[in-house]
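Have a look at the structure below before the remarks.
In this note's numbering, the protein residues as written are 183 to 834.
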């Protein structure tokens, strides 16, 4: 009997279970080959829908029965079969494959909240099993499965070796094995859904393959962009060129996890992309994934990345990009562009991807299969993590372990980019940095060359009221001619804006920025700011930290309400950004006693540590890497219990 997996929407075409399983196996094997699990993936694909090889499913799919969607468990049979087939030596590989098969429509915990063996219960299912087992040779014969299982066991042994080599504790090892299961799950989910969609749409599955020719083209595009600055001989331009050249040279080394420590204004985006292209070309990488914590950074840098990669090789994945495409589709009366965008963001199948840190964390940790589906695209990828210091405290240890897994088990190259590197060695489960951890080598001269402002502590122990802070800000504006004020909450920004605008009168254009504004409104405001500043017009901007990192804008003076030192240094990057004002411009740090942080506990803790650091007077330059490293070390020590994602007591 030719058992059916899918019937087209018009009822005119059918895909057999054999065809679907073989197609899925080929795709899954190709994805898993990137991290040394080709035969594990092939077996998972061959057996994932074995439960459809029975009369009950055939009658269900043809609407000839009372069965409804979800009534027939078609995910257990392949898992049970592989467990029964495996020898004792193959049990580890078989269990991994079985778990992946069971979960290909939704993730599961293998021990439930009452400590019962969920996995054992699933593979003990007996419904239609004798019929299904007898029909499995329609998909793959016993000899073929035995041969694949032997190869899969060898792959599993090597993957275990890699995991054990980086496991400092049993907790580490358990985490890495969980990530391995999720990685193969990702490959199976993507393969299964891609083949199903291809059949249902009657279309051929296409992927943009990354190869040496593509990386060579991107390298040429990068060189053309860099050539625009080649005739500049000023100190800053020469220093940027030096940073870029050192990053490119580092591509000749084998990279697992390294740091790219570049001062604000040092050309971090293009330098990191140059490294990624050179590394991909030299080491046969499959993909470049750029992530940033804020959409303001992502939107600003995506144009540069797209110009280097080419539109056909690039996807920008975040909510603002989706909103723009939806608007275009509605105005043009078509949905093809929207569907194409959604498909690429579902699969992350482009050679160059720009996305938010949230989407990356979702791919690594979120329980939804739509997020899991993307994870396998991180194998053999160059991962550029911009502004890594912005990672939420509760994700620090989990993200560090995930980075270790991707780098040392799945062949990724992880690049931690920022001017304010956190002290990763101060955590219980640290990232395993390369021996040559700094991509740019000794960066002290870089920071000296790019120092364009001075952090000035003005932290009254009792703090300023909003009225006092408004007067302080106006005084600084009168001295400098323009002013940026950054605070921690939207309520504080609005209150200070109202007070400053009322007291300033017509002396300056007073502007307000907030995440309550729609993205286009914010972009328009930032462009207005740039226009006023370039024309040397008097302007005051009061904003939350949305402008703090990545936005290319420059004021002669900045006032920052007390926060973590990393945030203060990022705020300083908006002051005399290009050295256009000469000398060192001031960045004042003030405490707002009326600023209510509410549930923003991280900011409150960061304020305390920064205030202690400022009070010591140990650092001639508070923005120096030494000062920032000490800040993060103290933060991680004080918040040691908060660095692992909190799990409710009934889930432990």
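Built from N, CA and C at the ideal position, the CB exists for glycine as well.
Residue closest to residue i, alpha-carbon to alpha-carbon, out of the options
{"i": "residue 193", "options": "222, 305, 383 and 237", "result": "383"}
{"i": "residue 525", "options": "335, 817, 749 and 389", "result": "389"}
{"i": "residue 235", "options": "222, 263 and 827", "result": "263"}
{"i": "residue 677", "options": "690, 661 and 694", "result": "694"}
{"i": "residue 596", "options": "422, 378 and 436", "result": "436"}
{"i": "residue 281", "options": "766, 378, 362 and 197", "result": "362"}
{"i": "residue 283", "options": "201, 195 and 372", "result": "372"}
{"i": "residue 365", "options": "427, 186, 562 and 350", "result": "562"}
{"i": "residue 794", "options": "542, 744 and 350", "result": "744"}
{"i": "residue 233", "options": "205, 244 and 187", "result": "187"}
{"i": "residue 617", "options": "432, 684 and 707", "result": "432"}
{"i": "residue 444", "options": "287, 573, 632 and 207", "result": "632"}
{"i": "residue 209", "options": "198, 812 and 222", "result": "222"}
{"i": "residue 774", "options": "554, 655, 759 and 434", "result": "655"}
{"i": "residue 397", "options": "810, 247 and 466", "result": "466"}
Residue i versus residue j: straight-line alpha-carbon distance, rounded
{"i": "residue 740", "j": "residue 669", "result": "11 Å"}
{"i": "residue 768", "j": "residue 212", "result": "55 Å"}
{"i": "residue 218", "j": "residue 367", "result": "15 Å"}
{"i": "residue 548", "j": "residue 306", "result": "28 Å"}
{"i": "residue 333", "j": "residue 522", "result": "37 Å"}
{"i": "residue 615", "j": "residue 369", "result": "27 Å"}
{"i": "residue 637", "j": "residue 643", "result": "18 Å"}
{"i": "residue 657", "j": "residue 735", "result": "22 Å"}
{"i": "residue 343", "j": "residue 729", "result": "45 Å"}
{"i": "residue 475", "j": "residue 539", "result": "5 Å"}
{"i": "residue 278", "j": "residue 715", "result": "59 Å"}
{"i": "residue 294", "j": "residue 300", "result": "6 Å"}
{"i": "residue 621", "j": "residue 785", "result": "30 Å"}
{"i": "residue 651", "j": "residue 742", "result": "11 Å"}
{"i": "residue 428", "j": "residue 804", "result": "26 Å"}
{"i": "residue 801", "j": "residue 761", "result": "22 Å"}
{"i": "residue 442", "j": "residue 542", "result": "19 Å"}
{"i": "residue 763", "j": "residue 634", "result": "9 Å"}
{"i": "residue 598", "j": "residue 257", "result": "39 Å"}
{"i": "residue 426", "j": "residue 452", "result": "8 Å"}
{"i": "residue 827", "j": "residue 312", "result": "44 Å"}
{"i": "residue 385", "j": "residue 709", "result": "43 Å"}
{"i": "residue 647", "j": "residue 352", "result": "51 Å"}
Exposed unless 16 or more other CB atoms sit within 10 angstroms - verdict on residue i
{"i": "residue 527", "result": "buried"}
{"i": "residue 455", "result": "buried"}
{"i": "residue 834", "result": "The predicted model places residue 834 with a pLDDT of 47, which falls under 50 and marks its position as unreliable, so this point remains unresolved."}
{"i": "residue 276", "result": "buried"}
{"i": "residue 461", "result": "buried"}
{"i": "residue 755", "result": "buried"}
{"i": "residue 837", "result": "The structure shown has nothing for residue 837, since the chain only spans 183 to 834."}
{"i": "residue 377", "result": "buried"}
{"i": "residue 449", "result": "buried"}
{"i": "residue 285", "result": "buried"}
{"i": "residue 412", "result": "exposed"}
{"i": "residue 206", "result": "buried"}
{"i": "residue 446", "result": "buried"}
{"i": "residue 703", "result": "exposed"}
Cβ-based neighbour list, residue i, same chain, cut-off 6 Å, excluding 5 preceding and 5 following
{"i": "residue 857", "result": "Residue 857 lies beyond the range of the chain shown here (183 to 834); nothing can be said about it."}
{"i": "residue 848", "result": "Coverage of the chain is limited to positions 183 through 834, which leaves residue 848 absent and any answer about it impossible."}
{"i": "residue 203", "result": "228, 231 and 321"}
{"i": "residue 498", "result": "484 and 536"}
{"i": "residue 470", "result": "458, 534 and 564"}
{"i": "residue 639", "result": "771 and 796"}
{"i": "residue 265", "result": "276, 280 and 305"}
{"i": "residue 200", "result": "320 and 321"}
{"i": "residue 530", "result": "556 and 559"}
Residues of its chain near residue i, where Cβ-Cβ distance is below 8 Å and the 5 sequence neighbours each way are ignored
{"i": "residue 836", "result": "Shown here, the chain extends from 183 to 834; a query on residue 836 therefore has no answer."}
{"i": "residue 608", "result": "814, 815, 818 and 819"}
Cut-off 7 Å between Cβ atoms - residues of its own chain near residue i, not counting five sequence neighbours on either side
{"i": "residue 847", "result": "Only positions 183 to 834 of the chain appear in this structure, which leaves residue 847 out of reach."}
{"i": "residue 240", "result": "185 and 186"}
{"i": "residue 349", "result": "355 and 358"}
{"i": "residue 698", "result": "672"}
{"i": "residue 288", "result": "551"}
{"i": "residue 374", "result": "206, 230 and 286"}
{"i": "residue 341", "result": "218, 219, 362 and 591"}
{"i": "residue 422", "result": "448 and 449"}
Heavy atom of the ligand GTP within 6 Å of residue i beta-carbon
{"i": "residue 749", "result": "For the ligand GTP, the structure offers nothing, since it holds no ligand at all."}
Meets three-Cβ-pair contact criterion under 8 Å: the region 248 to 265 and the region 620 to 640: No: the two stretches stay apart, fewer than three of their Cβ pairs being nearer than 8 Å.
Contact between the region 578 to 592 and the region 357 to 371 (3+ Cβ pairs under 8 Å): With a cut-off of 8 Å on Cβ pairs, the region 578 to 592 is in contact with the region 357 to 371, counting three or more such pairs.
Sufficient close CB pairs (3 or more, under 8 Å) joining the region 652 to 672 to the region 740 to 750: Touching, yes.
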